[in-house]
Structures are given as structure tokens and as C-alpha cells.
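*Asks:*
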Amino acid sequence: MNNSQRRKAHLIIHSASTAAAGVGAGMAQLPFPDATVLLPIQTAMVIALGKVFHIKLEEGAARALATQFLAQKAGQMTARFLAGKLPVAGNIVNGSTAAAITESYGWMIAREFAEDYEKNSKYNIFLIALELLLNGLRLRYTYRRG
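Written out as C-alpha cells, the structure is:
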């Protein structure tokens, strides 16, 4: 991941984490989990990170990634949901946990996308070098025949 990509990823991930913290803190005393609101935030984050690393994602694919991640974190979310019933302390716990989950998920996705980007870049450089070599051989062969 180069510096430009890291800066962009940092901005995207921290923006999503801040939004998740607000949702988590604001929804602490509501009778349903905040995952329904966190999912669109994390989906948008995944799509934005994909753009940074030139990975095209349909919204459905990004939503599936976020849903899978949220399902893995269901235990933490349940504990956070129960802690959220406590006034003030619950809001703090709920908000900070939502931010931490979103932050860790964002950097995990960014690392995966960066690895894919680097692999594709190396592969593309190889193809360009191969094409130049073949063109050079073709020119040399044409020159000798002519």
C-alpha cells in the first residue's frame, strides 16, 4: 500500500468508524441491534476502499462482505447490546465497540485489497514487459527479412 492509498484508506476508515461510533452511542437504549444501521456504513466503506485500490465491487458483494463480518462479530454485538441498556455507560461502550469493530474491519479489507492491487500491478508489469519483448523480436525478424 503506497502513501497515497494509505492516506485515502485512513480517511475512509476513520470516517466510517466515526459514523459507527455515533450510531452505536445513539442507538444504545433502542430495543433492536444497531447492525441494521452499521451494515450500510460498512458497505459504503468497503466500496470506497475498493475504489482506492481499483477493485470494482457491486453493492451486493460489498454488503455480503460486511454481513459476513458482522455475523462473525455477533457475540460482541450481543454483549454491547446488553451493556447498552445502562444509561450513559452503555452509550459509551456501544459507541466505542461499534467504532473499534468498524475500524478493524476497514483495515482488514484495506490490507486484502492492497495485496490484490500489488499482485495485479506486478502481473500487469510482467505482461507489458512480455509484450515489449515480443514486439522487439517481431521487429527484429521483420528487419532481417526485409
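Residues in the sequence shown are numbered from 1 upward in steps of one, following UniProt numbering. C-beta: ideal position from N, C-alpha, C; glycine also.
Can you give me the C-alpha to C-alpha distance between A114 and P87, rounded to a whole angstrom?
*Replies:* 41 angstroms
*Asks:* Since A28 and N120 should fall inside the 8 angstroms C-beta cutoff, what is the C-beta to C-beta distance between them, to a whole number of angstroms?
*Replies:* Going by Cβ atoms, the distance from A28 to N120 rounds to 42 angstroms, so no, they are not a contact pair.
*Asks:* How is E58 classed by DSSP in three states: helix, strand or coil?
*Replies:* Look at E58 here: in three-state DSSP terms it is coil, with no helix or strand label.
*Asks:* Rounded to whole angstroms, what's the CA-CA distance from D116 to G90? Just pull it up for me.
*Replies:* 39 angstroms
*Asks:* Could you check whether S17 and T102 sit closer than 7 angstroms to each other, using their CB atoms as the reference points?
*Replies:* yes
*Asks:* Alpha carbon to alpha carbon, how far is G24 from W107?
*Replies:* 19 angstroms
*Asks:* Spatial neighbours of A21 within its chain, please: C-beta separation below 7 angstroms, excluding the five flanking residues on both sides.
*Replies:* G95, S96, A98, A99
*Asks:* Can you have a look at G50 and say buried or exposed, based on whether 16 or more other CB atoms are within 10 angstroms of its CB?
*Replies:* buried
*Asks:* In terms of residues, what are the limits of the alpha helix (DSSP H) holding N2?
*Replies:* N2 -> no alpha helix (DSSP H), and no H or E assigned at all.
*Asks:* Please state if the CB of V37 and the CB of I109 are separated by a distance shorter than 7 angstroms.
*Replies:* With respect to V37, I109 sits apart: the two C-beta atoms are not nearer than 7 angstroms.
*Asks:* Comparing C-alpha positions only, which one of P40, V52, L65, E118 sits nearest to H10?
*Replies:* V52
*Asks:* Less than 8 angstroms between C-beta atoms, sequence neighbours within five positions excluded: which residues of the same chain meet that for I13?
*Replies:* M45, L49, T102, E103, G106, W107, A110
*Asks:* From R63 to I55, what distance separates their C-alpha atoms?
*Replies:* 15 angstroms
*Asks:* For a test of the three-state rule: what should DSSP assign to V37, helix, strand or coil?
*Replies:* helix
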